[in-house]
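Engineer: Take a look at this one; I'll ask things after.
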Amino acid sequence: MKTIGILGGMSWESTQTYYQLINKGIKESLGGLHSAKIVMISVDFAQIEQLQHQGNWHRLGELLAHDAKRVEAAGADMLLIATNTMHKVADQVQDAINVDVVHIADATGEYLRDAGVTKVGLLGTAFTMEQSFYKNRIADRFNIDVVVPNASQRQLVHSVIYNELCLGTINSESRKAYLEVIDSLVSQGAQAVILGCTEIGLLVKPEDTPVKLVDTVQIHAAKAVRLATQ
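When we follow the numbering used here, the leftmost residue of the sequence shown carries the number 598, and every step to the right adds one.
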């Protein structure tokens, strides 16, 4: 079994879900008392969030690259950045280490392609919804059309992530607002909706809507399990 490296804490609310899903996946794959071999560094999200909103992505890349080297030195055979937004600096992290970064957008794109989805909605932080590093990667590599909410909806989705979900707050009114945004993406032709922030799955569940929800945490963790057990 290979050792899975994780950069977590962005936020820890979703990192604990990664840990659970990976261990459950290993147990289902190998049976018995098997559990995952994991090396993890969990960062202080307050520092990360401040640099994000300052737009200081190069410094963020330096910080994650430094911690990625530590994860690799501890024996990781691969690296998961346990957040969608920070994949903006995935190339900078990859350049600093010798093991592969398991890119969350690639895992998501593979899932969508295999599911026959050709047009998908995207929810996430404003950085993920508005910048090209994530949605263009899925569009270009997997020939999938990616649509995002309008400006006011993007502001709402972003605010709920940082002011509620990253703090562990689950608000029923916010869930209702998210479901309205999801419906608007479907009206634009989306066949499914990517939960493109690792905390959104804490708020919106498949049973909340008939729309197919693509939970990136589950997809990313499952990809890691497959790689670890090959």
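Glycine residues also receive a C-beta, built at the ideal position from the N, C-alpha and C atoms.
1. Let me confirm a value: Lys820 is counted as buried when at least 16 other C-beta atoms fall within 10 Å, else exposed. Which label applies?
2. Per DSSP, what are the beta-bridge partners of Gly602 in this structure?
3. Can you tell me whether DSSP reads Ile816 as helix, strand or coil?
4. Just checking, does the segment 617 to 628 make contact with the segment 642 to 650 on the three C-beta pairs under 8 Å criterion?
5. Contact check, Gly706 vs Ile741 under 8 Å by CB: the rounded distance?
6. Quick one, are the C-beta atoms of Ser611 and Val814 less than 8 Å apart?
7. Looking at the unbroken beta strand (DSSP E) that takes in Lys716, where does it start and where does it end?
8. Given that a residue counts as buried once 16 or more other Cβ atoms are within 10 Å of its Cβ, and exposed if not, what is Ala665?
9. Tell me the rounded alpha-carbon separation between Lys802 and Val811.
10. Hey, does Arg738 have any beta-carbon neighbour from chain C nearer than 8 Å?
11. For Asp805, I'd like the list of residues in its chain whose CB is within less than 7 Å of its CB, leaving aside the five on either flank, ordered along the chain.
12. Return the CA-CA distance between Thr600 and Ile701, expressed in angstroms with no decimal places.
13. Using a Cβ-Cβ cut-off of 7 Å (strictly less than) and excluding sequence neighbours within five positions of Trp654, which residues of its own chain qualify?
14. Can you name, in chain order, every residue of its own chain whose Cβ lies under 6 Å from the Cβ of Leu660, other than the five neighbours on each side?
15. Along the alpha helix (DSSP H) that carries Asp692, what are the first and last residues, could you check?
16. Is the distance from the Cβ of Asn695 to the Cβ of Thr795 below 8 Å?
Structural biologist: Based on what the coordinates show:
1. Here the question's residue 820 lines up with position 223 in the sequence shown. The residue is buried, with at least 16 neighbouring Cβ atoms inside 10 Å.
2. By 1-based counting over the sequence shown, the position of residue 602 is 5. In DSSP, Gly602 forms a bridge with Val636, Leu676.
3. The residue given as residue 816 occupies position 219 in the sequence shown. Residue state, collapsed to three classes: helix.
4. no
5. Residue mapping note: residue 706 aligns to position 109 of the sequence shown, counting from 1. Residue mapping note: residue 741 aligns to position 144 of the sequence shown, counting from 1. Gly706 to Ile741, Cβ: 7 Å. Contact.
6. In the sequence shown, the residue the question calls residue 611 occupies position 14. In the sequence shown, the residue the question calls residue 814 occupies position 217. Cβ distance < 8 Å, so Ser611 and Val814 count as in contact.
7. Residue mapping note: residue 716 aligns to position 119 of the sequence shown, counting from 1. Unbroken beta strand (DSSP E) run through Lys716: 716 to 720.
8. Along the sequence shown, read from residue 1 onward, the residue named residue 665 stands at position 68. Ala665 comes out buried.
9. Residue numbering aside, residue 802 sits at position 205 when the sequence shown is read from its first letter. Residue numbering aside, residue 811 sits at position 214 when the sequence shown is read from its first letter. Whole-angstrom Cα-Cα distance: 10 Å.
10. As a matter of chain content, chain C is missing from the structure shown, which is built from one protein chain.
11. As a working mapping, residue 805 is identified with position 208 in the sequence shown. Arg772, Leu776, listed in sequence order.
12. Position 3 of the sequence shown, counting from 1, holds the residue named residue 600. Position 104 of the sequence shown, counting from 1, holds the residue named residue 701. Going by the C-alpha atoms only, they are around 18 Å apart.
13. Taking the sequence shown and counting its residues from 1, one reaches residue 654 at position 57. Here the set comprises Lys685, Val686.
14. What you label residue 660 is simply residue 63 of the sequence shown in a count that begins at 1. For Leu660, where only same-chain residues beyond five positions count, there are no Cβ hits under 6 Å.
15. By one-based count along the sequence shown, residue 692 stands at place 95. Element bounds for Asp692: 687 to 693.
16. Taking the sequence shown and counting its residues from 1, the one referred to as residue 695 is at position 98. Taking the sequence shown and counting its residues from 1, the one referred to as residue 795 is at position 198. The answer is no: Cβ separation not under 8 Å.
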